[in-house]
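In what follows, a single structure is set out as structure tokens and then discussed.
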Amino acid sequence: KIRKLNKKIGDNLKLLYGYRCQICGQLIGEECGSHIVEAHRIDYFVSSINNDANNQLIVCPNYHSIIHDTNPLFDRKLMYIYRNGFEQKLVLNQHL
10 KIRKLNKKIG DNLKLLYGYR CQICGQLIGE ECGSHIVEAH RIDYFVSSIN NDANNQLIVC
70 PNYHSIIHDT NPLFDRKLMY IYRNGFEQKL VLNQHL
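In the working numbering, the protein residues as written are 10 to 105.
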């Protein structure tokens, strides 16, 4: 299989959310004249090859790292459920 990632989909979602994290709502780096936010694939791209908008969240680097470190379950009720039982709802959602 050839994996082709269309970055434009994530870039458009970043614009939609004004570069804010969908989990915490923060705009990271604004005071420095920067906007740091990342596109995260709910079902990891390496295994799903799914780069559609409905498989992406826009998250700050902190939450992106937390998600990859803990591998929580994403419930389509728009929340992450962590192994320790903590449930974290998205604070921003305009596309899922």
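We put the CB at the ideal spot given by N, CA and C, even for glycine.
Here the structure is a predicted model, which means the values were calculated and not measured.
Residues near residue i in its chain [Cβ-Cβ closer than 6 Å; skip 5 each side]
{"i": "residue 44", "result": "28 and 38"}
{"i": "residue 89", "result": "81, 83 and 97"}
{"i": "residue 52", "result": "59 and 64"}
Residue i (DSSP reduced to helix, strand or coil)
{"i": "residue 52", "result": "coil"}
{"i": "residue 72", "result": "helix"}
{"i": "residue 78", "result": "helix"}
{"i": "residue 86", "result": "coil"}
{"i": "residue 98", "result": "strand"}
Cβ pair residue i, residue j closer than 8 Å
{"i": "residue 56", "j": "residue 64", "result": "no"}
{"i": "residue 77", "j": "residue 66", "result": "no"}
{"i": "residue 14", "j": "residue 60", "result": "yes"}
{"i": "residue 62", "j": "residue 24", "result": "no"}
Same chain, Cβ closer than 8 Å to residue i, five either side skipped, listed in chain order
{"i": "residue 26", "result": "46, 67, 101 and 103"}
{"i": "residue 35", "result": "29 and 69"}
Cβ-based neighbour list, residue i, same chain, cut-off 7 Å, excluding 5 preceding and 5 following
{"i": "residue 72", "result": "30, 32 and 33"}
Proximity test, residue i beta-carbon vs the ligand MG heavy atom, cut-off 7 Å
{"i": "residue 78", "result": "No copy of the ligand MG appears in this structure; indeed no ligand is present at all."}
Should the stretch 94-105 be called in touch with the stretch 15-35, which here means at least 3 C-beta pairs below 8 Å?
-> yes
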